[in-house]
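Step one of this worksheet: look at the structure below.
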Amino acid sequence: MDEENIQDITKKLEGREYIRGRDGRVFVLREFEITDLNTVVSINRRVLPENYPEFFFVEHYRSFPKAFIVSELDGRVVGYMMNRVEFGWSYIWRGRPARKGHVISIGVLPEARRLGIAYNMMIRGMRAMKYFYGAEEVYLEVRVSNTPAINLYKKLNYKIVDLIKGYYHDGEDAYIMARPLDNI
Ligand SMILES: CC(C)(COP(=O)(O)OP(=O)(O)OC[C@H]1O[C@@H](n2cnc3c(N)ncnc32)[C@H](O)[C@@H]1OP(=O)(O)O)[C@@H](O)C(=O)NCCC(=O)NCCS
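Numbering-wise (the working numbering), the sequence shown opens with residue 9 and increments by one.
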């Protein structure tokens with residue numbers, strides 16, 4: 009590994025990138041590859057109640073490959089972030105249509121948390137949605153009880169822009185959180 013290319017916050021938009029985590033270990037960000045499918049599906053099942061069939065991951069990979077990010081720690085995939093870009097009414101500029109990045113799913117295995125992996129995947133995913141797919145803003149749904157995730161998004165300057173009652177299958181409400189992408 010080339011020590012000179014290690015940094016704390018992601019700069020790149022594609023390819024492998026080495027980032028130093030909070031505990032000093034270095035993790036890698038890169039685009040999802042189809043050989044990661046089983047690992048990503050299993051991470052999703054382990055860390056989130058919202059689980060998707062394999063084809064759902066494959067379709068996002070085919071449609072928005074630069075914005076489907078995985079992270080490796082100690083040589084194995086420990087996290088993923090899957091996104092897409094849609095056209096619809098802006099959450100930021102009310103009444104105006106916009107290209108909107110949509111964070112579909114993000115997860116990091118418990119043993120790899122609080123190192124900065126999700127934060128860095130979010131930055132890289134947002135940049136990819138903007139620079140490869142023309143997104144002007146980004147939004148996501150999050151359970152109102154999910155404090156770790158809400159804090160992560162607030163740290164990245166997302167604001168709560170809406171509340172959807174009973175959004176999840178167990179009846180829990182969702183916040184919609186969003187931010188512009190002009191400053192990323
Ligand atoms: C939410 C999640 C993705 C965060 O992953 P992570 O790699 O540990 O996050 P990071 O280390 O990049 O943390 C970035 C910021 O998020 C917030 N955060 C992360 N974990 C937190 C926790 N347990 N409690 C409070 N805030 C937390 C903090 O603001 C943190 O910044 P700080 O460490 O400087 O305080 C991870 O906990 C996870 O996979 N949870 C289960 C899946 C999930 O909820 N996904 C989101 C669905 S909308």
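Each residue gets a CB set at the ideal place from its N, CA and C atoms; glycine is no exception.
Problem set entry | Residue environment, residue 66, which counts as buried when at least 16 other CB atoms sit within 10 Å | Start at 1 with the first residue of the sequence shown, and residue 66 comes out as number 58. Per the 10 Å Cβ criterion, exposed.
Exercise. Just the Cα atoms here: how many angstroms apart are residue 104 and residue 41?
Worked result: One-based indexing of the sequence shown puts residue 104 at position 96. One-based indexing of the sequence shown puts residue 41 at position 33. Answer to the nearest angstrom: the Cα atoms are 35 Å apart.
Problem set entry | Counterpart residues of residue 96 in DSSP-defined beta bridges | Residue mapping note: residue 96 aligns to position 88 of the sequence shown, counting from 1. DSSP lists 106 as partners of residue 96.
Problem set entry | Among 171, 93, 154, 102, the one whose alpha carbon lies nearest that of residue 137 | As a first step, residue 137 must be located in the sequence shown, where it is residue number 129. Residue 137 has its Cα closest to that of 93, out of 171, 93, 154, 102.
Problem set entry | Selected residue, minimal CA-CA separation from residue 167, among 146, 176, 29, 175 | Taking the sequence shown and counting its residues from 1, the one referred to as residue 167 is at position 159. Ranked by Cα distance from residue 167, the first of 146, 176, 29, 175 is 146.
Problem set entry | Proximity test, residue 114 beta-carbon vs ligand 1 heavy atom, cut-off 6 Å | The residue you call residue 114 lines up with position 106 of the sequence shown. Under cutoff, so the answer is yes.
Problem set entry | Helix, strand or coil at residue 61 [DSSP, three-state] | Numbered from 1 along the sequence shown, position 53 holds the residue referred to as residue 61. The answer is coil: DSSP assigns residue 61 none of H, G, I, E or B.
Exercise. Helix, strand or coil: how does DSSP classify residue 169 here?
Worked result: Here residue 169 refers to the residue found at position 161 of the sequence shown. If DSSP states are grouped into helix, strand and coil, residue 169 belongs with the strands.
For this session: Return yes when the Cβ of residue 160 is within less than 7 Å of the Cβ of residue 182, no when it is not.
Result: Numbered from 1 along the sequence shown, position 174 holds the residue referred to as residue 182. Numbered from 1 along the sequence shown, position 152 holds the residue referred to as residue 160. Not closer than 7 Å, so no.
Exercise. Could you give the distance in angstroms between the alpha-carbon of residue 55 and the alpha-carbon of residue 35?
Worked result: Here the question's residue 55 lines up with position 47 in the sequence shown. Here the question's residue 35 lines up with position 27 in the sequence shown. Answer to the nearest angstrom: the Cα atoms are 19 Å apart.
Exercise. Since residue 2 and residue 123 are thought to touch, with beta carbons under 8 Å apart, how far apart are those beta carbons, to the nearest angstrom?
Worked result: Residue 2 falls outside the range modelled here, since the chain spans only 9 to 192, and no answer is possible.
Exercise. For residue 100, which residues of its own chain have a beta-carbon under 7 Å away from its beta-carbon, when the five flanking residues on both sides are left out?
Worked result: As a position in the sequence shown, residue 100 is number 92, starting the count at 1. 145, 186, 188.
Exercise. In terms of DSSP beta bridges, what is residue 186 paired with?
Worked result: As a first step, residue 186 must be located in the sequence shown, where it is residue number 178. Looking at the DSSP assignment, residue 186 forms a beta bridge with 147, 167.
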